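Structure first, then comments.
Protein chains: 2
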Amino acid sequence: MNEAVVLTPERILEATEDVLRRYGLTKATVVDVARALDVSHGSVYRHFPSKASLRDAVAKRWLDRANEPLCKLAAGDGPAPERLEQWLRTAFTIKQKKVCDDPEMFATYLALAQGAREVVEAYKDKQVDLIAKILSDGVAQGEFEIDNVKATARAVFDATVRYHHPAHAEEWAKPECPSRIDALLALLLRGVRVCKH
Amino acid sequence: MNEAVVLTPERILEATEDVLRRYGLTKATVVDVARALDVSHGSVYRHFPSKASLRDAVAKRWLDRANEPLCKLAAGDGPAPERLEQWLRTAFTIKQKKVCDDPEMFATYLALAQGAREVVEAYKDKQVDLIAKILSDGVAQGEFEIDNVKATARAVFDATVRYHHPAHAEEWAKPECPSRIDALLALLLRGVRVCKH
DNA sequence: TCGCTGACAGATTTCAATATCTGTCAGACA
DNA sequence: TGTCTGACAGATATTGAAATCTGTCAGCGA
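Order-wise, the sequence lines are chains A and B.
Count along the first sequence from 1, add 107, and you get the number used in my numbering.
Count along the second sequence from 1, add 107, and you get the number used in my numbering.
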């Protein structure tokens, strides 16, 4: 046991994730989190004003972690068409992996996200920005022909909702899924590419 | 009171819709339906083997009714690009209208559909067929250039999921929605059109 | 004969009493 | 002085007994 370990928001978040993993979202209480940290539950409220804010913070951490590889991909500098396809496929894979690996925990985080609308909105906006980055790279490279990059990035995000929005998660395991993704990506790429005759 | 009115599946469905409208999905019971028809609940089971099958039948009726205008649009013979756009916009409008007009009843039907997976699958397949019809018309007209019509129709359906799948219904009322739809449709149309230089 | 009834068993839902949790705060402790 | 505790009030969740519902079927009446 470490002596004089200060109670930080970071440690609380860590403990909260543990508790969520162990008890699930509906059973996990602030008292459980406090117990895991060996403090009174009043102390937790010193760092987070409410249980809801604690949950929001956990959701944010989770989303930020999931987003990391996508940020790197968007920041890359290869040919934009390949990079766009790669980015979208990676986005799908990250989500699908989470569902397959630990469906229970995915359900927990999904429910968590339901209550953290603002956090989720910010996350989505960031995703759209990443797509926009790749699209504008593509325009600069002469590969893409796009009127309004921002709006088109949003459209690409919307068009792929079925494969990254958790509401559709149960469809992701179906056998026809990969070929449907292929068809969708082909359609979208054709929609942004310059015409080559 | 009509004398000698026979108890038909049709009359039972009618009464069931009434009861659902009045009590909501969770409260509506087979006994309520029977009471509305002034028969014993045993009689209802003479026409529908279970409550689930009764609900499925109601869901099917509802979906079929909602689909009617779309069938007509797909069967039309104008220029395919306009028809495709019109078809998709109509699909969105039908759904959006239902939510706005009677959110409670929409929620009821949504929950109903959750339990009627087969019925919903058939309905979706029909939608895809209608899109495919328009796409192949477009190819015949020399307006569209499409490798695999069936797969592309599926892709168009998937790409517009955000605006016809009820899981996203709460986003439909947002003010930025129309312009996002415009951007999405423009992207998709560019994805199927022949290149015009 | 054929469709309907109404009583029944087992499954499900309701409801109210009880237990637990959230969020606050006065005071302990360092 | 600043952090933590632990008791508390009101809100929320759990539980189990009672009520209701689903699905069946023997028998009634047309």
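Every residue gets a Cβ at the ideal spot worked out from N, C-alpha and C, and that includes glycine.
Small disclaimer: the values here were computed from a predicted structure and weren't measured.
Using beta-carbon distances, B:His272 counts as an interface residue toward chain A, with a partner under 9 Å. Taking CB atoms only, B:Gly222 has no neighbour in chain A less than 9 Å away. Under DSSP, A:Arg300 forms a beta bridge with A:Phe251. DSSP places B:Phe155 in the coil class of the three-state scheme, outside both helix and strand.
In this structure, the alpha-carbon of A:Arg118 lies about 20 Å from that of A:Met212. Between B:Leu132 and B:Ala198, the beta carbon gap of about 24 Å keeps them out of contact (Cβ cut-off 8 Å). Within chain A, the C-beta atoms nearer than 7 Å to that of B:Gly298 come from Leu294, Leu295, Arg297 and Gly298, in chain order. For the pair B:Asp145 and B:Ser157, the Cα-to-Cα distance works out to about 19 Å. With a cut-off of 8 Å on Cβ pairs, the stretch 239 to 248 of chain B is in contact with the stretch 177 to 190 of chain B, counting three or more such pairs.
Between A:Val263 and A:Asp163 the beta-carbon gap is near 28 Å, outside 8 Å, which marks them as no contact.
Neighbours of A:Ala229 in chain B, taken as residues at a C-beta separation under 8 Å, are lacking, since the least C-beta distance is about 16 Å. DSSP places B:Val112 outside any alpha helix (DSSP H), giving it a letter other than H or E. For the stretch 112 to 136 of chain A, the set of positions with a beta-carbon nearer than 9 Å to some beta-carbon of chain B is empty. At least one beta carbon of chain B lies nearer than 9 Å to the beta carbon of A:Leu291. Contact note: A:Ala198 does not reach chain B at a C-beta cutoff of 8 Å; the least C-beta distance is about 15 Å. Taking a cut-off of 8 Å for Cβ pairs, the stretch 235 to 242 of chain A and the stretch 278 to 286 of chain B do not touch, as fewer than three such pairs fall below it. For B:Arg287, the C-beta contacts it makes with chain A under 9 Å involve Ala258, Arg261, Ala262 and Asp265, in order along the chain.
For A:Cys302, a Cβ of chain B is located within less than 9 Å of the residue's own Cβ.
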